[in-house]
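In the working numbering, the protein residues as written are 12 to 96.
Notes follow once the structure below has been shown.
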């Protein structure tokens, strides 16, 4: 069993959404995409935001998301410069 579960991760990511607003994450697919993108960033050399000794990049990405160290942002919320970089 995956810990934290998909439901736990979705709840954490959507915890900062104001009542009545669209949730940031509505599916497990969004969680998978976000964690895989973050894992690729870690593999490429970005610094981890959680202790990383002996952990695989995907495990670190999941932990960062669960501890709200990284945020999922939709493309609509990014500026054009951020998308192109």
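Think of the CB as a built atom: it goes at the ideal place given N, C-alpha and C, for glycine as much as any other residue.
Close-in-space but distant-in-sequence residues of the same chain around residue 78 (CB under 7 Å, 5 per side omitted): Here the question's residue 78 lines up with position 67 in the chain shown. Excluding sequence neighbours, residue 78 sits near 61.
Whole beta strand (DSSP E) elements within the segment 38–70, 3-residue minimum: Every candidate beta strand (DSSP E) stretch fails here, since none sits fully inside the segment 38–70 while reaching 3 residues.
Reference residue 80, options 32, 88, 71, closest by Cα: The residue given as residue 80 occupies position 69 in the chain shown. Taking only the C-alpha atoms, the option nearest residue 80 is 71.
Environment of residue 120 [buried if 16+ CB atoms lie within 10 Å]: Past the boundaries of the shown model lies residue 120; the chain is included only from 12 to 96, so the question cannot be answered.
Candidates 69, 30, 21, of which the one nearest residue 6 by Cα: Any question about residue 6 goes unanswered here, given that the chain covers just 12 to 96.
Classification of residue 49 by the beta-carbon crowding that lies within 10 angstroms, buried from 16 upward: Sequence index remark: in the chain shown, residue 49 carries index 38 (1-based). When all chains shown are included, residue 49 counts as buried.
Residue span of the alpha helix (DSSP H) that contains residue 22, given as start and end: Residue numbering aside, residue 22 sits at position 11 when the chain shown is read from its first letter. That run of the alpha helix (DSSP H) goes 17–25.
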